[in-house]
Every structure is written in structure tokens, then in C-alpha cells.
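Take the sequence shown: its letter number 22 is residue 216 in the working numbering, and every next letter is one higher.
Ideal Cβ positions, reconstructed from N, Cα and C, are used throughout, including at glycine.
Predicted model only: the values in this text are computed from it and were never measured.
In what follows, a single structure is set out as C-alpha cells and then discussed.
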Amino acid sequence: MKAVFTRPRSLTDGATHYCPGCIHGVAHRMVAQILDEMDLADRTIGVSPVGCAVFAYDYFQCDFQQAAHGRAPAVATGIKRAVPDSFVFTYQGDGDLASIGTAEIVHAASRGEKISVVFINNAIYGMTGGQMAPTTLEGQKTTTSPAGRDLADTGNPIRMTEMLATLPGAAYLARGSCHDIKHLRATQKYLKRAFEVQERGEGFSMVEILANCPTNWGMSPVESLQWMEENLVPYYPLGEFRSPEEVE
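Following this line, the structure appears as C-alpha cells:
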């Protein structure tokens with residue numbers, strides 16, 4: 195029988211620790227497929243965050259460095275400058291990147307560091323118990339906003355991709371989603387373009403990926419995908435926000 199679907203070489207064959215229905219495993223596969231397609235794995239150094247993906251280094255067949263909470267862009271900057279021929283990417287969640295790590299991501303983008311960032315936005319703190327994140331939507335219920343996020347008390351959800359798009363050092367910025375096959379394919383194209391930007395030395399690149407969190411949203415996996423489409427996508431519009439052509 196002909197094999198039509200196999201595990202990417204850049205993924206290990208171990209089971210992940212993620213909750214049933216979580217998109218992290220899908221995002222890992224997309225990254226690994228592109229590492230395979232571009233023949234990057236042997237010189238790739240990933241940087242894992244603090245959060246649900248803290249054990250990402252167990253799932254990829256490439257070198258990895260663990261960063262303190264929010265500091266992945268700073269760690270990646272040091273690696274890329276010390277080993278300029280390497281391919282360096284960070285893999286971060288919204289609590290890691292958009293909260294404690296806001297300064298690191300903003301300044302890495304502003305400096306035009308030649309790294310690529312995979313930003314998973316599920317609008318909640320997943321690993322620590324489902325607390326409100328900087329990306330939590332208005333009215334969304336979490337363990338720390340049981341009545342729903344109140345903008346008068348907590349401000350508006352942050353659109354990180356749009357904010358970084360104002361910085362000249364950011365060469366490529368896009369936002370994709372994982373709520374259906376059509377958008378998975380578009381997201382994978384964005385990731386490949388982001389990796390190609392780094393390979394051409396054109397500057398900082400980041401792809402934000404809208405994701406689900408069935409466990410902390412209190413939904414089934416199928417329900418969570420529908421909720422993403424109806425709620426996350428309207429507030430966080432999909433597409434490419436900045437390309438190298440706009441930077442020149």
C-alpha cells in the first residue's frame with residue numbers, strides 16, 4: 195500500500211503532552227514540514243517558551259534552547275548573532291509573547307533581528323489554569339474573568355501583529371488560523387514565506403496562528419473550532435500584514 199501521509203522527518207515519533215483537540219500538535223507538524231521542505235533541520239535552533247509548548251524541544255528533530263518566560267526573542271537574538279548561518283525560530287504563546295514578553299518581541303522586531311517567530315494565539319493562559327490573557331476577547335470568560343472580560347477594567351485585547359507591522363524592522367508579518375483545512379493551508383504558506391525571509395536575510399518575521407483551547411474554553415474540540423471562526427477571526431483578521439516589498 196502506498197503511503198500518502200507520513201510523519202515529517204523533523205518531528206520525533208513520541209506522543210505529545212497536549213490536551214485532546216489542541217492545535218499545538220498541528221502547528222508543530224506545519225513547522226516540521228517546512229523545515230523538511232527547505233532542508234533546514236540540520237542547522238535549525240528552536241527556542242521554546244514557558245507555557246503549554248514548554249516541552250516543544252521534545253518534539254522536534256533539531257537543536258533547541260529553553261528560554262525564561264517571555265524571553266525567547268532575546269535568546270533567539272543571541273543565538274542568531276553568535277551563529278549567523280543557523281536558522282533560528284521561536285515558538286511562543288500569547289501569554290509568553292504578548293504579556294511578560296512584550297518588550298522582547300517589540301524590540302526584536304524593531305531591530306530587524308533575522309529570526310522567525312511562530313506565535314500561537316488561543317486568547318487564554320493554557321498551562322497555568324485558563325486565566326485571562328492580553329488577547330482574551332471582550333466578554334470572554336476565564337478563571338480570572340468569570341463574568342467575561344470587562345474592557346473598562348482591563349483594556350482592549352492586543353492585536354500584536356498589527357502593532358508590530360508599524361515597526362520598520364519587521365520584514366514579514368502574517369496571521370493565519372487552524373479552524374479548517376483551507377486556513378491551515380494558508381497558514382502553512384505564511385510560515386514558509388516567513389522562513390524564506392530569514393533565509394534571505396531580510397529581517398524579522400512572525401506568523402501569528404489563531405488556535406483553540408478546548409480544555410480551558412470548556413468546549414469540545416469541534417465546538418472550539420466553530421467558536422474560533424465566529425469570535426477570534428472577526429477580531430483578529432487573517433492575512434499578510436507586511437512583506438519585504440513594503441520594507442524596501
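Would DSSP call residue i helix, strand or coil?
{"i": "Leu-331", "result": "coil"}
{"i": "Asn-425", "result": "helix"}
{"i": "Gly-324", "result": "coil"}
{"i": "Val-282", "result": "strand"}
{"i": "Asp-252", "result": "helix"}
{"i": "Gly-215", "result": "coil"}
{"i": "Ser-437", "result": "coil"}
{"i": "Val-416", "result": "helix"}
{"i": "Val-244", "result": "coil"}
{"i": "Glu-442", "result": "Note that Glu-442 scores a pLDDT of 48, beneath 50, so its modelled location is shaky and nothing firm can be said."}
{"i": "Thr-210", "result": "coil"}
Buried or exposed for residue i, going by 16 or more other Cβ atoms inside 10 Å?
{"i": "Phe-435", "result": "buried"}
{"i": "Lys-308", "result": "buried"}
{"i": "Met-354", "result": "buried"}
{"i": "Glu-439", "result": "exposed"}
{"i": "Pro-328", "result": "buried"}
{"i": "Asn-410", "result": "buried"}
{"i": "Glu-298", "result": "buried"}
{"i": "Gly-287", "result": "buried"}
{"i": "Pro-278", "result": "exposed"}
{"i": "Leu-205", "result": "buried"}
Tell me whether the beta-carbon of residue i lies closer than 7 angstroms to the beta-carbon of residue j.
{"i": "Phe-398", "j": "Ala-365", "result": "yes"}
{"i": "Ala-341", "j": "Tyr-285", "result": "no"}
{"i": "Leu-361", "j": "Ser-304", "result": "yes"}
{"i": "Ser-414", "j": "Asn-406", "result": "no"}
{"i": "Tyr-429", "j": "Leu-331", "result": "yes"}
{"i": "Leu-385", "j": "Ile-228", "result": "yes"}
{"i": "Glu-402", "j": "Arg-369", "result": "yes"}
{"i": "Arg-265", "j": "Asp-230", "result": "no"}
{"i": "Cys-246", "j": "Gly-320", "result": "yes"}
{"i": "Ala-292", "j": "Ile-352", "result": "yes"}
Please report the straight-line C-alpha distance between residue i and residue j, rounded to a whole angstrom.
{"i": "Phe-258", "j": "Ser-242", "result": "7 angstroms"}
{"i": "Asn-316", "j": "Leu-367", "result": "18 angstroms"}
{"i": "Glu-442", "j": "Val-416", "result": "Any answer about Glu-442 is weak, because its pLDDT of 48 lies below 50 and its placement is not dependable; what the coordinates show is given next. Taking the straight line joining both Cα atoms gives about 42 angstroms."}
{"i": "Asp-236", "j": "Ile-375", "result": "29 angstroms"}
{"i": "Asn-350", "j": "Asp-233", "result": "41 angstroms"}
{"i": "Ile-294", "j": "Gly-412", "result": "25 angstroms"}
{"i": "Val-244", "j": "Asp-290", "result": "6 angstroms"}
{"i": "Gly-208", "j": "Tyr-253", "result": "7 angstroms"}
- Item | Length-filtered (3 minimum) beta strand (DSSP E) runs lying within the region 327-400 | Here the runs fully enclosed are 364-371.
- Item | 3 or more residues per run - each beta strand (DSSP E) lying fully within the region 285-323 | Counting only runs that start and end inside the region 285-323, the beta strand (DSSP E) elements of at least 3 residues fall at 310-315.
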